[in-house]
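A.B. asks: After the structure tokens below, expect a handful of questions from me.
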Amino acid sequence: MTSLSLLELTLHGHKVGHLAGYKNGKNLLLFSPEFIQDKARPTYWSLIYQDHFTPRLAPAYDILCTQAFMANEQTLALNLAKNKHWYRISLESFEAWAKKADIPWRLIQPHLKSTLEKAKTLWPKALDELPMQKQQKETLIKHWKNLHPDFRLLNK
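So for the sequence shown, UniProt numbering puts the first residue at 1; every next one is plus one.
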């Protein structure tokens with residue numbers, strides 16, 4: 001039986017992704033591609049040792065839409081299935097990545113889809129409530145509309 005333990009990543013109390021600990025010792029980060037996060041480099045990730053032995057990714061903090069400050073930014077800090085371009089990432093990208101990491105897709109897909117559904121439910125309302133400048137909100141909406149159809153938050 002394959003097992004997967006999850007550490008939920010949150011932003012303002014809303015789940016934005018997971019760190020998954022796969023039983024063979026591999027760790028993977030499932031994230032919501034709705035974010036433009038230039039800081040998502042390993043040097044900015046914090047680890048916690050809840051049991052004093054096992055490293056886990058600390059809950060997310062300092063997530064921001066860098067495209068609001070860096071016009072035309074369209075790349076990820078890390079490769080995902082040999083791709084760094086935001087608007088080319090699809091569910092197939094994650095499936096290829098899972099295959100390369102030797103992690104069964106059936107363990108990844110439900111968490112990715114669950115995170116996406118929650119983002120589709122929570123982000124439109126959060127956009128109205130979060131203290132963001134109008135330009136930043138417009139930048140996020142534009143970014144979401146340009147994502148691969150698998151990850152679009154808005155149907156407008």
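Virtual Cβ for every residue (Gly too), placed ideally from N, Cα, C.
What's the gap between the Cα of His148 and the Cα of Pro104?
C.D. replies: Looking up residue 148 in the sequence shown gives position 148. Looking up residue 104 in the sequence shown gives position 104. Cα to Cα, His148 sits roughly 23 Å from Pro104.
A.B. asks: Identify the continuous alpha helix (DSSP H) that holds Lys120 and give its terminal residues.
C.D. replies: As a first step, residue 120 must be located in the sequence shown, where it is residue number 120. Secondary structure note for Lys120: its alpha helix (DSSP H) is the uninterrupted segment 105-129.
A.B. asks: Are there three or more Cβ pairs, one per stretch, closer than 8 Å when the region 132-150 is compared with the region 73-93?
C.D. replies: yes
A.B. asks: Which residue's Cα is closest to the Cα of Gln135: Ser114, Thr66, Lys120, His111?
C.D. replies: Sequence index remark: in the sequence shown, residue 135 carries index 135 (1-based). Measuring from the Cα of Gln135, the nearest candidate turns out to be Thr66.
A.B. asks: If you reduce the DSSP assignment to three classes, tell me which class Thr75 lands in.
C.D. replies: Here the question's residue 75 lines up with position 75 in the sequence shown. Correct three-state label for Thr75: strand.
A.B. asks: Do you know offhand how far Ala81's Cα is from Pro131's?
C.D. replies: The residue labelled residue 81 in the question sits at position 81 within the sequence shown. The residue labelled residue 131 in the question sits at position 131 within the sequence shown. Cα to Cα, the separation comes out at about 34 Å.
A.B. asks: What is the DSSP secondary structure of His85, counted as helix, strand or coil?
C.D. replies: The sequence position of residue 85 within the sequence shown is 85, counting from 1. Residue state, collapsed to three classes: strand.
A.B. asks: Looking only at its own chain, which residues have a Cβ that is under 7 Å from the Cβ of Ser90, when we skip the five neighbours before and after it?
C.D. replies: Residue mapping note: residue 90 aligns to position 90 of the sequence shown, counting from 1. For Ser90, where only same-chain residues beyond five positions count, the Cβ hits under 7 Å are His148, Asp150.
A.B. asks: For Asp102, would you say it is in contact with chain D, using Cβ-to-Cβ distances shorter than 9 Å as the test?
C.D. replies: Looking at the structure shown, chain D is missing, and only one protein chain is on hand.
A.B. asks: Taking the continuous alpha helix (DSSP H) assigned at Thr139, which residues delimit it?
C.D. replies: Taking the sequence shown and counting its residues from 1, one reaches residue 139 at position 139. For Thr139, the enclosing alpha helix (DSSP H) has its first and last residue at 134-146.
A.B. asks: Under 8 Å Cβ to Cβ from Trp86, same chain only, skipping five residues before and after it: list those, please.
C.D. replies: Counted from its first residue, the sequence shown places residue 86 at position 86. Same-chain partners within the cutoff: Pro33, Ile36, Gln74, Thr75, Leu76, His143, Asn146, Leu147.
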